[in-house]
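**Q** Quick one: structure below, then a few questions.
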DNA sequence: TTGTATAGCTCCT
DNA sequence: GCTATACAA
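If you want it as structure tokens, here you go:
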């Protein structure tokens, strides 16, 4: 199974949020045992657990930053530093409980922290990949290629990327939820019969994703209804424009298309050919859509797509 | 039905 | 980071 390494690093970092914020080492020392930083200890524990359960883990790390996500990442970084500042104040006030929570909210997983876990993977011969860009896309690729049976994560983006089998909320006892997209048509609240993967993705983007903020007044239910009416992007935008209650930017159709293509053509590592490849190889509509953009740098510094 | 605000949670002992 | 809940529009 592919494991979203960032999730475990983040949860592990929670256990030493204060030390990380203050730059205090979290590694224990003992003559007779090797200790890793506390956030790595947590990851190692989780890895051992799933190995014991008979699962071979493949850790996947986030890689380069995507230009599409810059706004989201800037906002997150700002909120994290604000939380750290607030935490410092709370420590001075003696409110240690709330301070810990603020420090926890201010957790940043840095590259050196990631590397600590990568070193452990090398020592313990645990397979891992560093995604060219987002781990979500890389894990989806591993699933689509049949290299992993499922994905362990907390991030619902995996479903938008088109991955069928995702395990959420996996706890220490090995309990969790499996979302299997093959059961989507059995959903009772909404009828997903004859709903394609692309329709599902377009619904997700309309409802708001990391690559495009949602329109005020449009949540998942409305997004579902719109996509049910038409799957054509210009037509979707026309439907939204028809209703004056939805505030929509001039560039929305372009922005929507860029978000859609960022999911479809996300650059991933092709482990068979040791090269980079788009997550989906296809001709037809998506290619026509991407050919409308002279600047394809939103797919990353070296955009890949099929002609 | 949706947005916003609010509060609670991840760790470990 | 995610999730649940209440309440207003």
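Numbering (my numbering), first residue to last: 56 to 362. All C-beta atoms, glycine included, are put in the ideal place defined by N, C-alpha and C.
Does the stretch 237-253 come within contact of the stretch 179-192, defined as at least 3 CB pairs closer than 8 angstroms?
**A** no
**Q** How close, in whole Å, do the beta carbons of residue 354 and residue 322 come, if the pair is a contact with beta carbons under 8 angstroms?
**A** 6 angstroms
**Q** Which runs of the alpha helix (DSSP H) fall wholly inside the stretch 262-304 and span at least 4 residues, in chain order?
**A** Whole alpha helix (DSSP H) segments, 4+ residues: 275-284, 288-297.
**Q** What residues in its chain sit with their C-beta under 6 angstroms from that of residue 287, if we drop five residues either side in the sequence?
**A** none
**Q** Among all the DSSP beta bridges, which residues are the ones paired with residue 325?
**A** 330
**Q** With residue 169 as the anchor, note down where its beta strand (DSSP E) starts and where it stops.
**A** No beta strand (DSSP E) holds residue 169; the alpha helix (DSSP H) holding it covers 166-178.
**Q** Throw me the rounded Cβ distance for the residue 320 and residue 331 pair, which I believe falls under 8 angstroms.
**A** Contact between residue 320 and residue 331 is absent: CB atoms are separated by about 11 angstroms, not below the 8 angstroms threshold.
**Q** Residue 170: buried (16+ other C-beta within 10 angstroms of its C-beta) or exposed?
**A** exposed
**Q** By DSSP's criteria, residue 59 is part of a beta bridge. Which residues make up the other side?
**A** Paired residues: 115.
**Q** Who pairs with residue 222 in a beta bridge, going by DSSP?
**A** Bridge partners of residue 222: 207, 233.
**Q** Let me know if residue 147 comes out buried or exposed under the rule of 16 or more other beta-carbons within 10 Å of its beta-carbon.
**A** exposed
**Q** Among the candidates 125, 312, 216, 57, whose CA atom is the shortest distance from the CA of residue 185?
**A** 57
**Q** Nearest-angstrom Cα distance between residue 228 and residue 98?
**A** Residue 228 and residue 98 have their alpha carbons spaced roughly 15 angstroms apart.
**Q** Taking Cβ to Cβ, would you say residue 118 is nearer than 8 angstroms to residue 187?
**A** yes
**Q** Taking 8 angstroms as the limit between beta carbons, can you name the residues of its chain near residue 157, skipping five residues before and five after?
**A** 138, 139, 141, 142, 145
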